[in-house]
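So the structure is just underneath, and the comments pick up after that.
Number of protein chains: 2
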Amino acid sequence: MSYKIKSRIWIESDENVLLGEGRVHLLKAIEATGSLSKAAKSLNISYKKAWQLLDSVNKSAKKPVTINSIGGKGGGGAALTDYGKSLILVFDEINRNCWKFLDNELKRIENI
Amino acid sequence: MSYKIKSRIWIESDENVLLGEGRVHLLKAIEATGSLSKAAKSLNISYKKAWQLLDSVNKSAKKPVTINSIGGKGGGGAALTDYGKSLILVFDEINRNCWKFLDNELKRIENI
DNA sequence: AATCGTTATATTTGCAAAAACATAACGCAT
DNA sequence: ATGCGTTATGTTTTTGCAAATATAACGATT
Numbered sequence: 001m002s003y004k005i006k007s008r009i010w011i012e013s014d015e016n017v018l019l020g021e022g023r024v025h026l027l028k029a030i031e032a033t034g035s036l037s038k039a040a041k042s043l044n045i046s047y048k049k050a051w052q053l054l055d056s057v058n059k060s061a062k063k064p065v066t067i068n069s070i071g072g073k074g075g076g077g078a079a080l081t082d083y084g085k086s087l088i089l090v091f092d093e094i095n096r097n098c099w100k101f102l103d104n105e106l107k108r109i110e111n112i
Numbered sequence: 113m114s115y116k117i118k119s120r121i122w123i124e125s126d127e128n129v130l131l132g133e134g135r136v137h138l139l140k141a142i143e144a145t146g147s148l149s150k151a152a153k154s155l156n157i158s159y160k161k162a163w164q165l166l167d168s169v170n171k172s173a174k175k176p177v178t179i180n181s182i183g184g185k186g187g188g189g190a191a192l193t194d195y196g197k198s199l200i201l202v203f204d205e206i207n208r209n210c211w212k213f214l215d216n217e218l219k220r221i222e223n224i
């Protein structure tokens with residue numbers, strides 16, 4: 001019987017959450033589908049929840065993370081900016097580094 | 113406007129949670145008060161919730177984390193074992209190390 | 001001007017987790 | 001044997017959050 005150490009990390013700015021695992025999943029789904037509503041469906045969350053998550057991301061980011069368009073060809077859509085793409089890459093990297101770090105630290109518990 | 117990176121870590125064994133921040137708080141309160149019911153009151157959680165948390169800790173630990181006694185002088189009580197005291201010390205240390213690690217990683221986000 | 005599939009929001013409903021409440025069991029003390 | 005304060009559970013009630021539902025607004029296309 002061995003232990004597993006788990007973690008959740010997130011980045012906050014004044015009162016809002018910029019990024020967390022759920023928001024990164026959503027951004028990736030937007031990148032894959034080209035729309036917020038399709039991204040919500042693919043993640044099995046309500047459109048409203050997805051919109052709220054994306055809203056908090058864009059509100060707290062220094063530059064736009066997505067470009068959302070209403071109406072027009074196909075009804076509109078959402079697309080990641082280059083800044084948004086960089087954010088999810090770096091967040092994933094930090095997350096992976098954190099896991100590696102914690103896996104090593106866990107040995108201290110097992111050695112008590 | 114600068115960002116803050118936050119984290120929660122926890123340690124799981126087969127299906128149960130051994131330690132997390134809430135459980136560590138509870139163990140510290142037990143150490144301070146000498147009883148589970150007083151610890152629950154000091155943390156403003158119900159006795160039942162506290163008992164469930166402590167139960168999952170003791171179920172997943174390799175050695176007893178607390179010694180609980182029912183009845184007797186003062187009605188009973190709960191006390192940390194040496195193993196339990198070591199666990200919370202090491203958990204806190206891992207947590208602090210993780211924060212330091214993440215604070216450094218956050219610079220990558222701010223430099224995008 | 002009517003249609004379409006979006007984004008953007010408000011409002012209502014449902015449900016699961018938490019809290020509250022209740023009770024049993026225990027062993028020492030008196 | 002009764003009372004005390006605790007641990008240990010079951011049962012009921014509450015409530016806060018998530019899901020569902022509804023609807024407005026939008027702009028290219030026809």
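Listed in order, the protein sequences are those of chains A and B. The first sequence stops at residue 112 when you use the working numbering, and every number in between is there. The second sequence stops at residue 224 when you use the working numbering, and every number in between is there. Here a beta-carbon is modelled for each residue, glycine too, at the ideal position from N, C-alpha and C.
- Using a Cβ-Cβ cut-off of 8 angstroms, residue 116 of chain B is close to 11, 12 and 13 of chain A, given in chain order.
- In the three-state DSSP reduction, residue 191 of chain B falls in the strand class (E or B).
- With a contact defined as Cβ atoms closer than 8 angstroms, residue 112 of chain A and residue 202 of chain B qualify at about 6 angstroms.
- Taken atom to atom, the span from the alpha-carbon of residue 208 of chain B to that of residue 214 of chain B is near 10 angstroms.
- A straight-line Cα-Cα distance of about 6 angstroms links residue 145 of chain B and residue 151 of chain B.
- Annotation for residue 35 of chain A: 77 and 78 place their beta carbon closer than 7 angstroms to its own, counting only its chain and skipping 5 residues before and after.
- Around residue 70 of chain A, the same chain offers 76 as residues with beta carbons nearer than 7 angstroms, after the five sequence neighbours per side are excluded.
- The residues 40, in chain order, have a CB closer than 8 angstroms to that of residue 46 of chain A in the same chain once the five nearest residues on each side in sequence are set aside.
- Chain B has no Cβ within less than 7 angstroms of the Cβ of residue 56 of chain A.
- Within a 10 Å sphere around the beta-carbon of residue 222 of chain B sit fewer than 16 other beta-carbons, which makes this residue exposed.
- For the region 157-182 of chain B, no residue has a beta-carbon sitting nearer than 7 angstroms to a beta-carbon of chain A.
- Membership of residue 37 of chain A in the alpha helix (DSSP H) is indicated by the continuous run 36-43.
- Considering only beta carbons, the part of the region 88-105 of chain A lying closer than 8 angstroms to chain B consists of 90, 91, 93, 94, 97, 98, 101, 102 and 105, in chain order.
- Going by DSSP, residue 58 of chain A is part of the alpha helix (DSSP H) stretching over 47-60.
- Between the alpha carbons of residue 142 of chain B and residue 154 of chain B lies a gap of roughly 10 angstroms.
- In this structure, A:88 is the residue among A:88, A:67, A:16 and A:6 with its C-alpha nearest to the C-alpha of residue 26 of chain A.
- Under the DSSP assignment, residue 143 of chain B falls in the alpha helix (DSSP H) whose first and last residues are 133-145.
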